[in-house]
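For the sequence shown, full-length UniProt numbering begins at 1 and goes up steadily by one.
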Amino acid sequence: MYVKMLSASVAGVEGRIIEVEVDISSGLPQVSVVGLPDPAVRESVERVRAAIQNGGMKFPLDRITVNLAPADLRKEGSAFDLAIAAGILCASGQLSPDKLEGAMLIGELALNGDVRAVPGILPMTEQARKRGLKRVVVPYPSMAEAALLEGIEVVGIGSIKEWGSLGEFVDFSVGAKLRVHNRERAVAETDDSDHQLDLADVIGQQQGKRALIIAAAGMHNILFVGPPGTGKTMLCRRLPSLLPDLDDEEALTLTKIYSVSGKLVGSRQSLIRARPFRMPHHTVSASGLIGGGSIPKPGEVTLAHHGVLFLDEMPEFSRACLEALRQPLEDREVTIGRARGVCRFPARFMLAASMNPCMCGYYGGSIEEKPCTCPPSAIARYRSRMSGPLADRIDLQVELPRVTFRESKSDEWTSARVRTKVAEAYERQKLRYTGSGVSWNSELQGRLLKRYARLSSEAESLIGRAYKLLGLSFRAHDRILKMALTIADLDGRDRIETEDIAEAIQYRCLDHSYAKSNA
1 MYVKMLSASV AGVEGRIIEV EVDISSGLPQ VSVVGLPDPA VRESVERVRA
51 AIQNGGMKFP LDRITVNLAP ADLRKEGSAF DLAIAAGILC ASGQLSPDKL
101 EGAMLIGELA LNGDVRAVPG ILPMTEQARK RGLKRVVVPY PSMAEAALLE
151 GIEVVGIGSI KEWGSLGEFV DFSVGAKLRV HNRERAVAET DDSDHQLDLA
201 DVIGQQQGKR ALIIAAAGMH NILFVGPPGT GKTMLCRRLP SLLPDLDDEE
251 ALTLTKIYSV SGKLVGSRQS LIRARPFRMP HHTVSASGLI GGGSIPKPGE
301 VTLAHHGVLF LDEMPEFSRA CLEALRQPLE DREVTIGRAR GVCRFPARFM
351 LAASMNPCMC GYYGGSIEEK PCTCPPSAIA RYRSRMSGPL ADRIDLQVEL
401 PRVTFRESKS DEWTSARVRT KVAEAYERQK LRYTGSGVSW NSELQGRLLK
451 RYARLSSEAE SLIGRAYKLL GLSFRAHDRI LKMALTIADL DGRDRIETED
501 IAEAIQYRCL DHSYAKSNA
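Given below as structure tokens:
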């Protein structure tokens with residue numbers, strides 16, 4: 001007898017429908033799985049056999065052929081176990097296929113028949129909804145995650161023992177009630193832990209705070225350079241408290257990424273509204289930072305999608321990691337090529353970084369401060385760890401001096417106040433770029449930049465002189481324009497004035513140092 005079940009896999013961060021065809025015919029007892037299965041899928045035969053037997057049902061002693069279609073795509077993971085088991089039970093007459101018509105089955109089987117959660121439930125469920133399927137059957141621990149989407153019925157299953165004889169299946173009406181309850185709870189939950197850090201906690205550093213506000217308002221990459229104890233890390237860690245929450249589309253995309261990464265577990269199965277803040281250790285590998293593996297998985301840059309990737313002490317990261325950042329910083333996505341095909345992960349993030357001016361950290365200080373002990377060769381070697389092309393991709397490069405005693409008082413730069421100002425600038429950008437595929441000023445390129453970056457004649461003259469005197473690249477020139485546009489947005493203006501260009505230029509400290517060294 002032949003039956004067809006529906007399951008799913010994940011490609012990148014998107015779901016993919018997989019048809020599980022099961023045919024039972026007379027012959028020697030044998031189970032064959034075809035359709036480019038990987039080892040985990042081949043091993044599912046033994047898991048399914050033990051689960052069916054320990055679930056109180058009979059495993060057919062006939063020739064069983066399982067085909068995973070489309071056959072030209074490689075099938076990976078254990079999400080097909082439940083669909084394979086259901087197909088075998090339906091084909092052998094132990095379960096009615098009518099109850100499973102129009103349903104997608106996702107889950108890994110334990111040997112005792114329990115159904116375990118698998119990563120990627122949310123994108124799989126979304127794909128089922130796009131295909132017009134009526135319901136999705138998932139493990140109980142994954143119900144809240146699947147229920148984040150409207151328009152599809154979510155049914156939970158804890159063990160195949162819940163499948164009675166001759167098709168007595170779990171009550172779908174009960175599943176529908178659970179779906180509504182879980183969805184309301186899941187969408188309402190938001191993690192506000194990052195918003196507890198307040199910009200007012202940072203003492204002094206008015207220029208650094210101003211640069212941070214500009215970076216937040218336009219999602220510009222930012223680098224703080226300064227000696228130890230000047231507040232570089234404190235400033236960067238307060239970025240999430242300045243950024244507006246994700247909209248519905250952004251929240252769904254980010255939640256899908258965390259679903260694929262297996263990070264939506266327990267009470268975290270909710271729609272992520274707060275922008276992510278990722279802070280990897282400097283010992284992270286290139287594949288851990290960018291993504292990769294034999295089965296490509298998202299890296300830190302993708303987990304920071306629509307949020308902030310913070311690299312503390314940037315030169316301490318390996319050269320391979322830093323250079324690997326160049327492509328996602330420019331293209332806003334990660335492309336991983338394998339013999340099996342190309343996998344793409346979204347990576348629209350803001351890079352925030354900090355570094356000392358030298359190895360000891362005190363280069364360039366005044367006589368009263370602690371003197372630098374690094375020889376010139378060590379300073380040059382330390383700074384060369386971050387290449388020119390990478391530095392060119394960082395919009396704001398800000399030097400932070402030591403805080404004086406007079407500055408050691410709190411000020412009125414609270415996160416709540418700044419967050420309101422940033423939200424107003426963001427709304428201006430959303431309105432301006434409606435239908436263009438651009439959300440922030442930092443994403444403008446080519447014709448769009450020329451179209452929206454309208455300069456006064458004096459501002460155009462100033463940036464032309466700066467281009468020659470500082471030896472700017474075309475990329476640095478464009479990034480100054482984007483920063484100036486954000487400064488204008490913060491002031492509620494559409495046209496870029498001279499003071500906007502002048503302020504943007506002063507945030508390019510590495511360009512200034514390169515210009516001095518070449519003078």
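By construction, the Cβ of each residue, glycine as well, lies at the ideal position given by its N, Cα and C atoms.
Of the residues the options, the one placed nearest residue i, counting alpha carbons only
i: residue 530; options: 73, 282, 80, 296; result: Past the boundaries of the shown model lies residue 530; the chain is included only from 1 to 519, so the question cannot be answered.
i: residue 283; options: 134, 319, 269; result: 319
i: residue 432; options: 486, 314, 354; result: 486
i: residue 7; options: 490, 82, 61; result: 82
i: residue 88; options: 22, 131, 239, 46; result: 22
i: residue 301; options: 276, 315, 144, 312; result: 276
i: residue 69; options: 509, 498, 9, 348; result: 9
i: residue 508; options: 450, 98, 207; result: 207
i: residue 24; options: 17, 16, 33; result: 33
i: residue 118; options: 375, 261, 476; result: 261
i: residue 202; options: 237, 47, 220; result: 237
Coil, strand or helix - residue i by DSSP
i: residue 37; result: strand
i: residue 58; result: coil
i: residue 67; result: strand
i: residue 73; result: coil
i: residue 301; result: helix
i: residue 279; result: coil
i: residue 554; result: No information on residue 554 is available, as it lies outside the stretch 1 to 519 that the chain covers here.
i: residue 23; result: strand
i: residue 386; result: coil
i: residue 414; result: coil
i: residue 496; result: strand
i: residue 5; result: strand
i: residue 114; result: strand
i: residue 196; result: helix
i: residue 78; result: coil
Residue i classed as buried or exposed, judged by whether at least 16 other C-beta atoms fall within 10 angstroms
i: residue 298; result: buried
i: residue 205; result: buried
i: residue 370; result: exposed
i: residue 350; result: buried
i: residue 126; result: buried
i: residue 269; result: buried
i: residue 2; result: exposed
i: residue 442; result: buried
i: residue 150; result: exposed
i: residue 192; result: Annotation note: pLDDT 46 at residue 192 (below 50); position unreliable, coordinate value reported separately. By the 10 Å Cβ count, residue 192 comes out exposed.
i: residue 373; result: exposed
i: residue 112; result: exposed
i: residue 66; result: buried
Beta-carbon gap between residue i and residue j smaller than 8 Å
i: residue 244; j: residue 423; result: yes
i: residue 35; j: residue 75; result: yes
i: residue 228; j: residue 356; result: yes
i: residue 332; j: residue 310; result: no
i: residue 120; j: residue 138; result: no
i: residue 230; j: residue 398; result: no
i: residue 100; j: residue 224; result: no
i: residue 271; j: residue 251; result: yes
i: residue 200; j: residue 414; result: yes
i: residue 291; j: residue 483; result: no
i: residue 386; j: residue 314; result: yes
i: residue 480; j: residue 222; result: no
i: residue 128; j: residue 160; result: no
i: residue 85; j: residue 51; result: yes
heavy atom of the ligand ADP below 7 Å from residue i C-beta
i: residue 101; result: The ligand ADP is not part of this structure, which contains no ligands at all.
Exercise. Quick one: complete alpha helix (DSSP H) runs, 4+ long, within the segment 221 to 290?
Worked result: The segment 221 to 290 contains these whole alpha helix (DSSP H) runs: 232 to 237, 248 to 260, 286 to 290.
Problem set entry | Continuous alpha helix (DSSP H) assignments of at least 4 residues falling wholly in the segment 419 to 484 | 446 to 452, 457 to 469
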